[in-house]
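**Student:** My questions will all concern the structure given below.
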Amino acid sequence: MKTTIKTTIKTFTFAITHFSVAFTIAYLLTGSWVIGGTIALVEPAVNTVAYMIHEKLWERIDLPFFKSAAA
Numbered sequence: 001m002k003t004t005i006k007t008t009i010k011t012f013t014f015a016i017t018h019f020s021v022a023f024t025i026a027y028l029l030t031g032s033w034v035i036g037g038t039i040a041l042v043e044p045a046v047n048t049v050a051y052m053i054h055e056k057l058w059e060r061i062d063l064p065f066f067k068s069a070a071a
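If you count by full-length UniProt numbering, then the sequence shown holds residues 1 to 71, one letter each, in order.
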């Protein structure tokens, strides 16, 4: 239970950090609060999908140096 709570809090704080960085960069580049906010909301969603695709592609890779010596 303690691990689940810690993971949940860590995920939440990472989401806030990610949103803050995305918003700040977008705002500094555009000077627009609206565009900054929109990018900060859309970018993490797109990044999540891209990460899932990235993980699925890596599951298909079979490189010799990724195999353990015991295998």
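All residues carry an ideal CB built from backbone N, CA and C; glycine is no exception.
Does the beta carbon of T7 come closer than 7 Å to any beta carbon on chain B?
**Tutor:** Here there is only one protein chain, and chain B is not present.
**Student:** Looking only at its chain, what residues have a beta carbon closer than 8 Å to the beta carbon of T3, apart from the 5 residues adjacent to it on each side?
**Tutor:** Hits under 8 Å: none found.
**Student:** Taking the C-alpha atoms as reference points, what is the distance between E43 and A22?
**Tutor:** Cα to Cα, the separation comes out at about 8 Å.
**Student:** Which of helix, strand or coil does DSSP assign to K10?
**Tutor:** Three-state DSSP puts K10 in a helix.
**Student:** Using DSSP with H/G/I as helix, E/B as strand and the rest coil, what is K2?
**Tutor:** Correct three-state label for K2: helix.
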